[in-house]
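Going by the numbering used here, the letters in the sequence shown line up with residues 9 to 741, in that order. Quick notes on the structure that follows.
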Amino acid sequence: MSRSFATFLCSRTTLALVLTSFFAFLSLEIPANGQLPPDSPNPMLAQPQDRITTFIDDEQTVTLHGNRHPLALPQYDTGAVSPGFRMDRMLLTLLPDDTQQDALDQLLAAQHNPESPYYRQWLTPEQYGERFGVSEDDLAQITSWLQTHGMAVEEVTAGRLSIVFSGTAGQVESAFHTRIHSYKIGDEVHHANTSDPSIPVAFAQVVGGVVSLHDFRSAAMHTGARLPAAPDFTSGSSYYLAPADFATIYDLGPLYQASINGTGQSVAIVARSNINIADVRQFRTSFDLPANDPQIIVNGTDPGIWSTGEETEADLDVEWSGAVAKNAAIQFVVSKSTNSSDGTYLSAQYIVGHNLAPVMSMSFGLCEASLGSSGNSFINSLWRQAAAQGITVFVSSGDDGAAGCDSASASSATHGRAVNGLCSSPYSVCVGGTEFHDTSNPSLYWASSNAAGTQSSALSYIPEVVWNESGSGGLWASGGGASTLYAKPSWQAGTGVPADGKRDVPDVALTAAGHDGYLIYQNGGLYVVGGTSAASPSFAGVMALVVQHAAARQGDANTVFYPLATKQGTGGASVFHDITTGNNSVPGLTGFSATAGYDQATGLGSVDASVLVNHWSDGTTTPEFHATAASNSLSVTAGSNNSVTLNITVSGGFNAAVAFSVTGLPSGISATFTPATLSAPGSGASVLKLTATGSAKVGTYSITVSATSGGTKQQVALSITCASARAPIRRLM
């Protein structure tokens with residue numbers, strides 16, 4: 009090859025590389041103001057790296073601990089299922105690497121920081137996958153491995169963090185090294201893996217687990233439906249809730265008058281049973297709501313209406329999210345449960361994976377222990393993706409009080425304190441329950457008859473207590489407590505928030521009692537229901553009004569709820585009705601009592617919707633950190649050392665690493681920090697150690713300690729005095 013031709017090829021290659029890099033840069037989502045934070049890594053530059061780099065050997069495996077359902081016990085075991093037993097639409101959950109996770113944490117914090125160029129720069133599912141998902145090559149290797157074991161890969165989600173696949177029990181046993189057996193528990197027969205599954209060692213950094221290998225499903229969070237006892241919806245001291253009553257009690261009227269009614273917005277509902285659309289139409293006609301059919305989206309095979317209880321849940325969620333946001337589009341996503349997957353997870357994944365709506369609601373529950381490590385990882389990952397896409401996720405806190413692992417219909421709690429793992433992720437809003445305190449003087453709050461058209465009878469806001477109707481009929485009470493998995497997020501702060509270092513739930517609450525329960529239509533008949541299943545879609549409807557008024561998606565609303573509550577306590581707008589009476593203790597278990605401010609029974613309390621919408625921007629805070637020193641002066645002797653502690657506090661949802669440095673040191677004095685960097689969320693302490701050599705010059709000096717995170721720097725001035733070492737005393741002989 010001639011020198012000139014080689015030079016030409018080299019220049020062509022260089023040009024191609026430059027152009028490739030240039031167009032890759034242009035394809036990045038640069039913030040609207042076109043600026044990147046100074047001295048800050050761009051979280052949008054995160055890219056997946058290939059991590060499956062060794063031979064995939066089915067004989068060299070690693071166990072995925074915590075993935076056997078707690079009820080899959082030998083005493084219930086009735087034997088193995090047949091090898092051909094169908095296990096459809098399983099979910100393989102995948103993991104980002106540490107670098108991607110750090111970048112994602114930075115982005116999520118920046119999306120809620122008004123001073124960040126990434127403020128409300130929400131991602132699409134495809135953009136999320138390109139930056140925070142698994143690499144294309146790793147996906148190809150995993151899907152090929154599943155297919156090699158005879159299983160069908162049905163979908164790789166756009167976020168590239170889960171794979172939907174189907175197979176038989178025999179294929180699952182071969183691939184994941186566990187057996188599938190039947191279990192008879194009471195009158196119910198379930199199917200589940202007998203031991204924790206295993207995967208090839210080559211997948212250990214990429215595969216989080218399988219969701220799931222059993223058919224123990226989440227529970228719908230509602231009390232049993234029953235007919236109102238009288239045509240005017242009044243029975244003794246119970247006054248059943250029509251949409252117009254809810255609007256009066258929670259102050260929606262001024263919003264409706266200002267045309268803040270959900271127009272142009274949508275709410276997505278998670279379901280696993282279909283509905284009769286005629287019931288929704290009758291509900292809206294009977295309570296004088298505008299005609300507005302929900303959009304029914306069947307994800308896969310239509311399950312139809314497979315149980316009365318599931319139909320009740322679906323009707324409640326659709327009817328009441330649309331009753332509150334009466335002009336919003338209600339997108340009802342229904343997925344059929346299988347022998348190995350809960351339809352609610354498939355529906356939730358569809359909503360997030362298709363970026364379906366700015367607000368979504370899930371009224372189901374399963375405690376963290378029953379979800380298992382793979383289930384918890386899947387839910388947390390899905391809600392985190394939703395937050396990055398600007399979706400506000402509402403989930404019911406549960407109907408079994410502090411006993412999150414017990415059935416709400418049980419007579420006594422036996423599994424100790426626990427919370428709903430579907431809402432304990434810090435990326436979802438967990439909605440608890442209250443109960444109207446109206447029995448001593450009902451005429452003060454309710455009219456003696458119903459208004460024509462709307463059927464309303466509520467006169468004003470009604471004081472609330474913790475929802476607790478537990479007793480001989482079950483554990484019916486507002487779910488709440490502390491997570492066993494998640495650390496306390498930086499935004500969860502304020503009066504009453506426990507100093508337990510853990511994510512506490514619920515965050516907010518609405519009425520959930522069977523007393524004054526919610527009216528629904530089902531199969532042409534009028535029923536009344538309660539439970540946090542009603543509170544979650546209703547709050548989702550309120551959030552749709554927030555989004556309409558703000559004209560933008562809001563993402564994780566907790567980053568605003570908690571600052572609003574803090575400001576309310578110091579003279580700000582009265583957004584929340586603070587619940588200070590009652591508890592969520594149930595037979596067999598002591599729960600948590602309502603207190604001033606936050607509590608683990610009702611969270612921040614219920615809401616005045618009009619004040620919330622109109623003061624939403626009051627809760628937008630700038631995440632920040634502050635640096636202080638235990639002392640602003642320090643003495644060090646030549647030839648020795650001395651230390652001072654530096655403290656970093658964070659506020660406003662700040663969540664990033666903070667690094668330390670020092671300038672102005674005189675000759676002969678050196679400095680070290682332990683640690684040199686505080687990892688996210690950035691709060692904590694570092695010890696600055698100054699060491700003076702024997703020749704250090706005596707004197708007083710000013711030095712500057714800097715704490716830096718991205719483009720933000722906090723500085724602390726210290727006065728340093730270097731003293732001479734005392735000469736040794738000579739003894740006369």
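Every residue gets a Cβ at the ideal spot worked out from N, C-alpha and C, and that includes glycine.
Burial is judged here by how many other beta carbons sit within 10 angstroms of a residue's own beta carbon; N449 has fewer than 16 and is exposed. Look at the beta carbons and you see the region 557-575 not touching the region 375-387: under three pairs across the two are nearer than 8 Å.
If you look at R292, you'll find it in the alpha helix (DSSP H) that goes I285 to S294. The beta-carbon distance between D223 and S415, rounded to whole angstroms, is 16 Å. This is too long to meet the 8 Å contact definition. When C431, V505 and G461 are compared, the shortest CA-CA separation from N388 is found for C431. Cβ atoms of S369 and S329 come within 8 Å of each other, at about 6 Å. Remark: fewer than three beta-carbon pairs, one from each stretch, lie closer than 8 Å, so the region 283-303 and the region 625-644 are not flagged as touching.
Rounded to the nearest whole angstrom, the C-alpha separation of L518 and Y353 is 24 Å. In summary, I188 is buried, with 16 or more beta-carbon neighbours lying within 10 Å of its beta-carbon over all protein chains present. Here E67 carries a coil assignment [DSSP, helix/strand/coil]. Cα atoms of I171 and M98: separation of roughly 8 Å, rounded to the nearest angstrom.
Take G676, set aside five residues on each side of it, and the residues of its chain with a beta-carbon closer than 7 Å to its own are A700, T701, S703, A704 and K705, in chain order. Counting along the chain, V536 sits inside the beta strand (DSSP E) bounded by residues G533 to V537. Straight through space, the alpha carbons of Y526 and D145 are spaced by roughly 51 Å.
In the DSSP assignment, M551 falls within the unbroken alpha helix (DSSP H) covering T540 to A558. I193 counts as exposed, since fewer than 16 other C-beta atoms from the protein chains shown sit within 10 angstroms of its C-beta. As the crow flies, the alpha-carbon of L726 is around 22 Å from that of E632. Your pair D65 and A210 checks out as a contact, with CB atoms roughly 7 Å apart and the cut at 8 Å. Taking 8 Å as the cut-off, the beta carbon of A426 is found no closer than this to the beta carbon of L483. In the pairwise beta carbon analysis, the region 582-592 is classified as touching the region 613-620: at least three pairs are separated by under 8 Å. The closest CA to that of Q273, considering only A637, A733 and R561, is found on R561. Taking the C-beta atoms as reference points, I656 is found no nearer than 8 Å to G599.
Apart from sequence neighbours up to five positions away, the residues of its chain that approach D296 with a beta-carbon distance below 7 Å are G461 and T462, ordered along the chain. For K510, DSSP records a beta bridge to A495. A buried status is given to H77, since no fewer than 16 other beta-carbon atoms sit within 10 Å of its beta-carbon. Contact annotation: G549 and V332 have beta-carbon atoms nearer than 8 Å. When secondary structure is reduced to three states using DSSP, S381 falls in the helix class. A contact between stretches requires three or more CB pairs, one per stretch, nearer than 8 Å, and the region 435-442 meets this requirement with the region 508-518. One alpha carbon belongs to Y258, the other to K496, and they sit about 29 Å apart.
Put simply, the backbone Cα of G380 is about 30 Å away from that of S480. In the three-state reduction of the DSSP assignment, I387 falls in the helix class. Between the alpha carbons of P674 and A118 lies a distance of about 38 Å. With contacts defined as CB atoms closer than 8 Å, G373 and M229 qualify as a contacting pair.
In this chain, the beta strand (DSSP E) harbouring S641 covers S641 to T645. Annotation for P251: the continuous alpha helix (DSSP H) segment containing it runs P251 to I257. Using a 10 angstroms sphere on the CB of H73, the tally of other CB atoms stays under 16, which defines it as exposed.
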